[in-house]
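J.:
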Amino acid sequence: MIYRWFLSISSGLLLFLSWPPNNSFSFFIFFSLVPLLVIETQIQKKQLKYTAFFLYSYLSFFIFNCSTTFWIYHAHFGGAIFAILCNSLFMAFVFYLYAKIKNSYNSKKLFFLLPVLWISFEYLHLNWDLSWPWLSLGNVFAANVDVIQWFSFTGVLGGSLWILIVNLLVAKILTGDILSYKIIRKIIITVLIIISPIYISKHHLFHSQNHDDNKSINALIVQPNIDPYKDKFRLKQFQQTDLVISTISPYLQNEINCIILPETFLTNPIWEHKINNNLDIKRLKEIVLNNDNLNSSFNTPLNIIVGATTLTKSNHNLVNNAQQTYRKIHNSAVHIGYNLEDIMSVKYEKKFKIDIYHKSKLVPGAEQIPFYNFLQYFVKNQLLQIGSSTSLGNFTKQDTVSLFSSFFYANNKEKPVGGLSVDQYFLAPIICYESIYGDYVRKFVYEGANLILIITNDGWWNDTPGYKQHHAYAKLRAIETRRYIARSANTGISSVIDPFGNIEHHLDWNIRGVIEAKLPLLSKNTFYVLYGDYLGRISSFLAVLFILVFLLNNKLSISRR
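Residue -11 is where the sequence shown starts when you use our numbering, and the numbers rise one by one after that.
Dropping the structure here:
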């Protein structure tokens, strides 16, 4: 029994040691599940019960979850407990189900059963109300992007498949006959499976420059570094805006096409139908207008993308019982720019357009109530109590992706005097938690995004591995889509990431500053952009078949008795 506990703990520790931001022991991931797989072999020998195997599995994944995501408690204590306990439960259940189905057939040939079940679990974890894909196995390679350039074909789930296959082969080698022909063959296959993707990744084909045209924009990526616990909601908004204006002012004499400000930079909720009258929005409009007047020879207008909390009218969510006020609340990205159709207009108001994107992938608990239609009557008194460690969010999301658009003057020398001669480009606004969803981010690119903008506020997690992991995962999105990424964090890590996951510029934790960068606008689509998480869809189909056959066989076995 002590031996099994040792194996169980070893598995959890190997998973932890391999995980970002640590990049020295990433290769441990290829052996991290082997101890659990060795324990599982004792079921067939009648030396271990299924419930005991579940407990060993749970301990492994609890150690993994607790050691890699403990930092959630800084933002939401209840959310941390729930995420760690539940995610460990889900992972352990996959191994329990694998053992049940595998041993019910008494067959050693169900090699792909675990990859099918695990990848279908990760795919489900991307697409339901309790979604928490932070620890999808393929994310481990965010610390070593050189070996996973082929993610542009498979996405993160391809990395998970790679890890699972190698772990299964290593387990088979360790539990087989020493130096038998079959073992030697398995060793050779294992080495080839490890080396082949790395060789493919490092091949020059994947490192050829993907700049399919010469278009680019000049951007200012702002990191205000305003402490979310001490200053963010204590300082007046005009003070925070003054701080940012003073930070970016030296750069505005240059040709700047885009200023990117972080998530919830505008702290006071803004009614969307009155957004043009909002004083904070007007101040940002003035920056755009003044820049155009001062730098009239520039070939592209200035755009500002800023995070804000916005409100829309609703018939369902009661805000104030006395006034009978209803609203929906959104975590939003706001785009302030020029209206392409009215660019020649001399009227101030007509020259501007404001586009709004509502965050669609909401954090369970903190931003949305899982299974809200069922639970709303039980948790209504805990809705959106900002600052409470037990409150539940009631943000509303939008159902489809949407892009921000801007344009170049096509003659590239001077603005047209009569008529329009412009080329458009499109920006993908990704808000915080959304950046860990590869299949969701690739939809923006599929719809035409030339550049990905990530705005976030990682200051909630303090100086922990959390913000480093979050930043590292953005590198995976760059590889999957072959797009440049501009990432603006309130604090955390702001950066520019190239299409191969390399960091070109960055600002570290607790630094106020600006990144001025030239960002190429790319348009070629990868295989992953076109087809998304096809591995997840295939695995889910096969998993359902496996489970149905298993249940049917069990029912027939019972009826025969």
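Ideal Cβ placement from N, Cα and C applies to all residues, glycine included. No experiment lies behind these values; they were computed from the predicted model shown.
1) Which residues mark the beginning and the end of the beta strand (DSSP E) in which E110 is found?
2) Count the other C-beta atoms from every protein chain shown that fall within 10 angstroms of the C-beta of P121, then say buried if there are 16 or more, exposed otherwise.
3) Considering only residues of the same chain and omitting the five flanking positions on each side of A63, which have a CB-CB separation below 8 Å?
4) Kindly indicate the opening and closing residues of the alpha helix (DSSP H) around Y93.
5) Could you work out which residue in I324, P289, S124 and L156 is closest to G147 when comparing CA atoms only?
6) Note down, one range per segment and in chain order, each beta strand (DSSP E) of at least 3 residues found wholly within the stretch 441 to 514.
7) Classify E274: buried if its beta carbon has 16 or more other beta carbons within 10 angstroms, exposed otherwise.
8) Considering only residues of the same chain and omitting the five flanking positions on each side of L533, which have a CB-CB separation below 6 Å?
9) In chain order, what residues of the same chain lie with their CB nearer than 7 Å to the CB of S390, ignoring the 5 residues before and after it?
10) From L24 to F4, what distance separates their C-alpha atoms?
11) Can you tell me the Cα-Cα spacing of R470 and P453, whole angstroms?
12) Alpha carbon to alpha carbon, how far is E492 from K506?
13) I believe T235 touches V502 by the beta-carbon criterion, under 8 Å. Please report the beta-carbon distance rounded to the nearest angstrom.
14) Can you tell me where the beta strand (DSSP E) with W116 in it begins and where it stops?
15) Evaluate Q241 with the Cβ neighbour count: other Cβ atoms within 10 Å of its Cβ, from every protein chain shown; 16 or more gives buried, anything less gives exposed.
16) Does the Cβ-Cβ distance between N327 and F340 come in under 9 Å?
17) Which residue from T255, N202 and S204 puts its Cα closest to that of P216?
18) Who are the near neighbours of I107 in its chain, counting only those whose CB is closer than 7 Å to its CB and skipping five residues on each side?
19) Mind reading off the beta-carbon distance from A321 to I443? Whole number of angstroms is fine, and I expect it under 8 Å.
20) If you count every other CB in all the chains shown that lies within 10 Å of the CB of D411, and 16 or more means buried, which is it?
21) Is P8 buried or exposed, if buried means 16 or more other CB atoms sit within 10 Å of its CB?
22) So, F392 versus T288, is the Cβ gap smaller than 9 Å?
23) Less than 9 Å between the C-beta atoms of A296 and I244, yes or no?
24) Who pairs with V294 in a beta bridge, going by DSSP?
25) Using only alpha-carbon positions, find the residue among V429, L157 and K190 that is nearest to I181.
26) Where does V351 sit, in a helix, a strand or coil, going by DSSP?
27) By DSSP's criteria, N206 is part of a beta bridge. Which residues make up the other side?
28) Between which two residues does the beta strand (DSSP E) holding N256 run?
29) So, at 7 Å on beta carbons, what are the nonlocal neighbours of T272 in its own chain, with the 5 sequence-adjacent residues on each side left out?
30) Compare the Cα-Cα distances from I418 to each of A466, D219 and Q457 and report the closest residue.
31) Using three-state DSSP, classify P23 as helix, strand or coil.
32) With the cut-off set at 9 Å, would you say K347 and C420 are in Cβ contact?
33) Under three-state DSSP, which class holds I244?
34) When DSSP labels each residue in this structure, what does K341 get in the three-state scheme?
35) Out of V82, S45, I17 and N11, state which residue places its alpha-carbon closest to the alpha-carbon of S(-4).
36) Going by beta-carbon coordinates alone, are N478 and P250 separated by less than 9 Å?
T.: Reading off the structure:
1) Where E110 is concerned, there is no enclosing beta strand (DSSP E), although the alpha helix (DSSP H) it sits in stretches over L101 to H113.
2) Taking all protein chains shown into account, P121 has 16 or more neighbouring C-beta atoms within 10 Å of its C-beta and is therefore buried.
3) A354, W448 and W449
4) Counting along the chain, Y93 falls outside any alpha helix (DSSP H), and DSSP gives it neither H nor E.
5) The shortest Cα separation from G147 among I324, P289, S124 and L156 belongs to S124.
6) 473 to 477, 482 to 485, 491 to 495 and 501 to 508
7) exposed
8) Counting only Cβ-Cβ distances below 6 Å, and skipping sequence neighbours, we find nothing.
9) Y345
10) 15 Å
11) 26 Å
12) Our two residues, E492 and K506, have alpha carbons roughly 10 Å apart in a direct line.
13) 6 Å
14) Taken as a continuous stretch (DSSP letters only), W116 belongs to no beta strand (DSSP E), as it is neither H nor E.
15) exposed
16) Closer than 9 Å, so yes.
17) Comparing Cα-Cα distances from P216 to each of T255, N202 and S204, the minimum goes to T255.
18) Contacts found: L145, S148, L149, L523, G524 and S527.
19) 6 Å
20) exposed
21) buried
22) no
23) no
24) V322
25) L157
26) Correct three-state label for V351: coil.
27) K506
28) L254 to W259
29) For clarity, residue 272 is Leu in the given sequence; the question names Thr instead. These residues qualify, in order along the chain: I292, V294 and I324.
30) A466
31) helix
32) yes
33) coil
34) strand
35) That would be S45, whose Cα lies nearest to the Cα of S(-4).
36) yes
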